[in-house]
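Top line first, the protein sequences correspond to chains A and B. Under the numbering used here, the first residue of the first sequence is numbered 1274, with each subsequent residue one higher. Under the numbering used here, the first residue of the second sequence is numbered 315, with each subsequent residue one higher. Glycine included, each C-beta is placed from N, C-alpha and C at the ideal position. Note that the structure is predicted; figures quoted are calculated from it, not measured. Below is one structure, written out as structure tokens; the observations come after it.
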Amino acid sequence: MNAPMKAAPAPVKKLRVATTSLAGCFGCHMSILDIDERLLKLLDLVEFDRSPLTDIKHCGPCDLGIIEGGLCNAENVHVLREFRKNCKIILALGACAINGGLPAQRNHLDLRDVLEEVYQTEHLLGRGGIPNDPELPLPLSKVHPIHEVVKVDYFLPGCPPPADAIWKLLTDLLAGRTPALGHGLLHYD
Amino acid sequence: MNATNTFQLDGEEIPFAPGQTIIQAAAAHGAYIPHLCWHPDFSPHGSCKLCTVKVNGRFGSACTMEAQPGMEVENRTAELDDKRRTLLQMFFVEGNHFCPSCEKSGNCVLQATAYELKMMSPHFDMFYPDRPVDASHPDILLDFNRCIMCSLCVTASREVDGKNVFAMGGRGILGRRIHINSESGRLGDTDFAATDRAASICPVGVILHKRKGFAVPIGERTYDLAPISAQVKETRS
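See below:
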């Protein structure tokens, strides 16, 4: 602490990162938080743009966009396109972004049948009728993974991906290395 | 000096007995050649093409090609593993392989092979085919969403159990499927038993024993402990 003052090093330009959860459960975001105290190291290297962590509503120019969840409604598609337009690199994080995941389990059912059962006919569920407020985004007839709509640069599978895998991938990317996950970090479950 | 009955697998000398296929000799030696439809207890089917190797510069299936002295076999090259990964991606998009809800996760040969080959995404558009499950049998559940048409259940039921419960049928990528040989087409109307060899042969999560869910927790299963390439001899039963 008493060391002579040195000229302060030039501030490292932080990479800008945006994150979002589309048709996901926020479990992948929980797994990001699960990198624990390494979050502090991460914050030395990056700053967050649009993200549930910042509550910024729209994405500006970013270096990395992290997408959790697949596409189950029209708004998901708009948000995904906003991210692709603004982010140099898009990372698909978790099973739902990569293959549709749990929400895609409705894909072999007819959408109208699903809505009618949930909102009208099933006696233990709500009976208010199928919501049709114009503010609500329209559901897609099938749930899709994000690579069917935009180019995706990196994929990290898992439900959710383990925190260690997220840390490994982010540190590899930040260091300019091709991400490589060893045994135990690559998981589909 | 080379012994007479050896060949080179990625530069490693592999001994073989006359009549052994490349994959049989490699497996006996503990060397891993990626595969799905081949099983050491049964005659090769040669359909999944994952075990494709290059023999003296030409493509061939390691499960059907007999080992010959002095062969030079390429196996885990970037070229071959890239092609294998593409085959795996096609398997994953043409079925409904939702690992997070699958009882076979961690013990699944398809999943473990995809880990081994570092498959990070399905790459292609998903098919999401409609494949109803068959829960008619008292002890066994059939979840066809995960079927990869390896036909091991067909072979095991015919050759070991002497029952002929399963058959391959239908045409086209979405029409082709495993059929059940009973009047109703349901497993409950066959003489299939949970003790049949065919009941424990499925490399993926189609043929499942009822009331045996998650006896071993996720994270402690066969391929959680070590990659499939490191347990060539141990994991085949």
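Check                                                                                                                                : Outcome
Return the CA-CA distance between A:L1411 and A:S1324, expressed in angstroms with no decimal places.                                : 23 Å
May I ask you to list the residues that DSSP assigns as paired with B:R482?                                                          : The question names Arg, yet the displayed sequence has Met at residue 482 of chain B. Beta-bridge pairing links B:M482 to B:I492.
Residues of chain B with CB under 9 Å from A:L1459, in chain order?                                                                  : A428, Y429, K432, M433, M434
DSSP beta-bridge partners for A:H1417?                                                                                               : A:L1344
Check whether the Cβ of B:S543 lies closer than 7 Å to any Cβ atom in chain A.                                                       : no
In whole angstroms, what separates the C-alpha of B:T549 from that of B:Q338?                                                        : Low confidence applies to B:T549: its pLDDT is 47, below 50, so where it sits in the model is not reliable enough to give any reading.
Taking B:D395 as the reference, give the member of B:Q382, B:K368, B:I336 with the closest Cα.                                       : B:K368
Out of A:E1310, A:C1369, A:D1336, point me to the one whose CA is closest to A:K1415's CA.                                           : A:C1369
Helix or strand or just coil, what does DSSP make of A:H1456?                                                                        : coil
Candidates B:V546, B:P541, B:I521, B:I542: which alpha carbon is nearest B:E417's?                                                   : B:I521
Just reading off the alpha helix (DSSP H) that A:R1385 is part of, what are its end residues?                                        : 1384-1389
By a C-beta neighbour count over all protein chains shown, 10 Å radius and 16 as the cutoff for buried, is B:E326 buried or exposed? : exposed
Mind checking who B:L522 pairs with in its DSSP beta bridge?                                                                         : B:L455
Exposed or buried, B:T469, counting other C-beta atoms within 10 Å across all chains shown (16 or more means buried)?                : buried
Applying a beta-carbon distance threshold of less than 8 Å, which residues of chain E neighbour A:P1430?                             : No chain E appears in this structure, whose protein chains are A and B.
Suppose you measure from the CA of B:M315 to the CA of B:G384; what does that come to, to the nearest Å?                             : The predicted model places B:M315 with a pLDDT of 41, which falls under 50 and marks its position as unreliable; any figure quoted below should be read in that light. The straight-line gap from Cα to Cα measures roughly 11 Å.
Please tell me whether B:N316 has its Cβ less than 7 Å away from any Cβ of chain A.                                                  : Here B:N316 scores only 46 on pLDDT, less than 50, and its place in the model is too uncertain to base an answer on.
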